[in-house]
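Worksheet: the structure to be examined is printed underneath.
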Amino acid sequence: MDDEGRASVLCHPSSVCKVKLANKVALITGGNRGIGLATAKLFVAEGARVAISGRNENVGLAALQELVRQTTTRDAIFLQGNVTRQHDCEQIVNETVRAFGRLDILFNNAGIILRNRNVETTTEEEWDTTLETNLKSVFLMSRAALPHLRAAGGGTIVNTSSYVGLVGFKGLAAYAASKGAIVNLTRAMALDHAHENIRVNCICPGSVETDMIHSAWRAYGDVEAAARVWASKHPMNRIASPEEIARVVLFLASDDSSFITGTAIPVDGGITAG
Ligand SMILES: NC(=O)c1ccc[n+]([C@@H]2O[C@H](COP(=O)([O-])OP(=O)(O)OC[C@H]3O[C@@H](n4cnc5c(N)ncnc54)[C@H](OP(=O)(O)O)[C@@H]3O)[C@@H](O)[C@H]2O)c1
Numbered sequence: 002m003d004d005e006g007r008a009s010v011l012c013h014p015s016s017v018c019k020v021k022l023a024n025k026v027a028l029i030t031g032g033n034r035g036i037g038l039a040t041a042k043l044f045v046a047e048g049a050r051v052a053i054s055g056r057n058e059n060v061g062l063a064a065l066q067e068l069v070r071q072t073t074t075r076d077a078i079f080l081q082g083n084v085t086r087q088h089d090c091e092q093i094v095n096e097t098v099r100a101f102g103r104l105d106i107l108f109n110n111a112g113i114i115l116r117n118r119n120v121e122t123t124t125e126e127e128w129d130t131t132l133e134t135n136l137k138s139v140f141l142m143s144r145a146a147l148p149h150l151r152a153a154g155g156g157t158i159v160n161t162s163s164y165v166g167l168v169g170f171k172g173l174a175a176y177a178a179s180k181g182a183i184v185n186l187t188r189a190m191a192l193d194h195a196h197e198n199i200r201v202n203c204i205c206p207g208s209v210e211t212d213m214i215h216s217a218w219r220a221y222g223d224v225e226a227a228a229r230v231w232a233s234k235h236p237m238n239r240i241a242s243p244e245e246i247a248r249v250v251l252f253l254a255s256d257d258s259s260f261i262t263g264t265a266i267p268v269d270g271g272i273t274a275g
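Note that the numbering used here gives residue 224 to position 223 of the sequence shown, counting from 1, and the numbers run on in steps of one.
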């Protein structure tokens, strides 16, 4: 702790570090709420310097304030940008490196969902927006980040897929296509970059209590009934907290998973086990 009571995040190479991300710099898309913000808090607690990004500046700055207040870190920034745009992705990556001097971890987590649409009822614009936000963003962000991960001597990329990337789901045509593609893009990238000490994995969450699920519950009409219906889809009869997902992201981002690459890990309370 320093004289203002802040936790020190730097760890001398010769000392024994208890935190898992000492001296690491992480960039988290969709970091201004939900799974991304929970992960940012955990990463900071584990010693990382963190950049969070999202489109909404007000939400982003409020998230940054919350992050700083809860963790007392000085080493966090918010970067506004739209991950469907190449220019924004490059700027987000470059600003992170400018602020912290390096990049070790990229968490490609930004995403949207379009419910109750099959192929016939999805417009071309809805299809493009879903695929660009969920899938093309992984390509654009990773392409911008890879030279910096390489320059750091290696690194990790974690992509957010979904259990709907592993199995089909009625009424989620565009979302399922985007999340399934993330699983296979993860495998392809893992093979392409394994020799550079860059590991690439993805998580496949079941339902998680974030804005994304709350909006689905509101659309259902009766929020309490919806919560029960969503819980009952999972063998564990509940949905996840964002923190439960963040702990798996930490595992994949840290040396705890040093021999794991190209995997898609279900974090779904058993939903894809059947
Ligand atoms: N919640 C679940 O049940 C669940 C289950 C499986 C997988 N997932 C996946 O988990 C990830 C995070 O979801 P969440 O539940 O935390 O949802 P959320 O609370 O709705 O957060 C979505 C995040 O993505 C950002 N985002 C969306 N479109 C963007 C764009 N074009 N450019 C930049 N940022 C963008 C949002 O920020 P702005 O709006 O400010 O841009 C926000 O930070 C998503 O990929 C989602 O598909 C969620």
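No residue lacks a Cβ here, since even glycine has one placed at the ideal position from N, Cα and C.
Here the structure is a predicted model, which is why all the values come from computation and not from measurement.
Where L192 falls, given that 16 or more other Cβ within 10 Å makes a residue buried:
Taking the first residue of the sequence shown as 1, we reach residue 192 at position 191. Exposed: under 16 other Cβ atoms inside 10 Å.
Is there contact here, the region 117 to 130 with the region 46 to 60, by at least three beta-carbon pairs under 8 Å?
no
Candidates I29, A39, L65 and A49: closest to V84 by CA position:
Position 83 of the sequence shown holds residue 84. Selected option, being the one with the closest Cα: I29.
Output the boundary residues of the beta strand (DSSP E) element that contains R50.
Here residue 50 refers to the residue found at position 49 when the sequence shown is read from its first residue. That run of the beta strand (DSSP E) goes R50 to G55.
When you compare the region 138 to 157 with the region 76 to 90, are there three or more beta-carbon pairs, one atom per stretch, that lie closer than 8 Å?
yes
DSSP three-state call for F79: helix, strand or coil?
In the sequence shown, residue 79 corresponds to position 78, counting from 1. Of the three classes helix, strand and coil, the one that applies to F79 here is strand, per DSSP.
Rounding to the nearest angstrom, what Cα-Cα distance links A8 and A77 in this structure?
Taking the sequence shown and counting its residues from 1, one reaches residue 8 at position 7. Taking the sequence shown and counting its residues from 1, one reaches residue 77 at position 76. For A8, the predicted structure reports a pLDDT of 41, less than 50, and the residue's modelled location is therefore unreliable. A value from the coordinates is still provided. Those two C-alpha atoms are separated by around 13 Å.
Enclosing alpha helix (DSSP H) for N109 [first to last residue]
What you label residue 109 is simply residue 108 of the sequence shown in a count that begins at 1. Unbroken run through N109 is the beta strand (DSSP E), I106 to N109; no alpha helix (DSSP H).
Could you tell me whether any non-hydrogen atom of ligand 1 is closer than 8 Å to the CB of I240?
Here residue 240 refers to the residue found at position 239 when the sequence shown is read from its first residue. Because some heavy atom of ligand 1 lies under 8 Å away, the Cβ of I240 counts as near it: yes.
Secondary structure of A241, DSSP reduced to three states
Here residue 241 is taken as the residue at index 240 of the sequence shown, counted from 1. Strand, per DSSP.
I need the straight-line Cα distance from A177 to V201, nearest angstrom please.
Counting from one through the sequence shown, the residue named residue 177 turns up at place 176. Counting from one through the sequence shown, the residue named residue 201 turns up at place 200. Rounded to whole angstroms, A177 to V201 spans 20 Å at the Cα level.
Beta-bridge partners of V94, as assigned by DSSP:
Against the sequence shown, residue 94 aligns to sequence position 93. Looking at the DSSP assignment, V94 forms no beta bridge with any residue, so it has no partner.
Just tell me which of K42, A100 and G32 has its CA closest to the CA of L22.
On the sequence shown, residue 22 is found 21 positions in, with the first residue counted as 1. Residue K42 is the option with its Cα nearest to L22.
Give the straight-line distance between the Cα atoms of L107 and G156, rounded to the nearest whole angstrom.
As a first step, residue 107 must be located in the sequence shown, where it is residue number 106. As a first step, residue 156 must be located in the sequence shown, where it is residue number 155. For L107 and G156, the distance between alpha carbons rounds to 8 Å.
Determine the burial state of P267: buried for a count of at least 16 other Cβ atoms within 10 Å of its Cβ, exposed for fewer.
The residue given as residue 267 occupies position 266 in the sequence shown. It counts as buried.
For the alpha helix (DSSP H) that contains V60, what are its first and last residues?
The residue given as residue 60 occupies position 59 in the sequence shown. Segment E58 to T72, the alpha helix (DSSP H) holding V60.
9 Å Cβ cutoff met for G31 and A52
The residue given as residue 31 occupies position 30 in the sequence shown. The residue given as residue 52 occupies position 51 in the sequence shown. The answer is no: Cβ separation not under 9 Å.
Residue interval of the beta strand (DSSP E) (run including G156)
One-based indexing of the sequence shown puts residue 156 at position 155. First-last of the beta strand (DSSP E) with G156: G156 to T161.
With distances taken Cα to Cα, identify the nearest neighbour of T72 among F44, L62 and L80.
Mapped onto the sequence shown, residue 72 falls at position 71. Answer by Cα proximity: F44.
Between which two residues does the beta strand (DSSP E) harbouring I29 extend?
Along the sequence shown, read from residue 1 onward, the residue named residue 29 stands at position 28. Here the beta strand (DSSP E) through I29 covers V26 to T30.
Taking its Cβ as the centre, do 16 or more other Cβ atoms sit within 10 Å of N109, making it buried, or is it exposed?
Numbered from 1 along the sequence shown, position 108 holds the residue referred to as residue 109. With 16 or more other Cβ atoms within 10 Å, it is buried.
Distance, L65 Cα to V224 Cα
Within the sequence shown, the letter at position 223 stands for residue 224. Within the sequence shown, the letter at position 64 stands for residue 65. Roughly 29 Å between the two C-alpha positions.
To the nearest angstrom, report how far apart D89 and D212 are at their CA atoms.
In the sequence shown, the residue the question calls residue 89 occupies position 88. In the sequence shown, the residue the question calls residue 212 occupies position 211. Looking at the two C-alpha atoms, the distance is approximately 24 Å.
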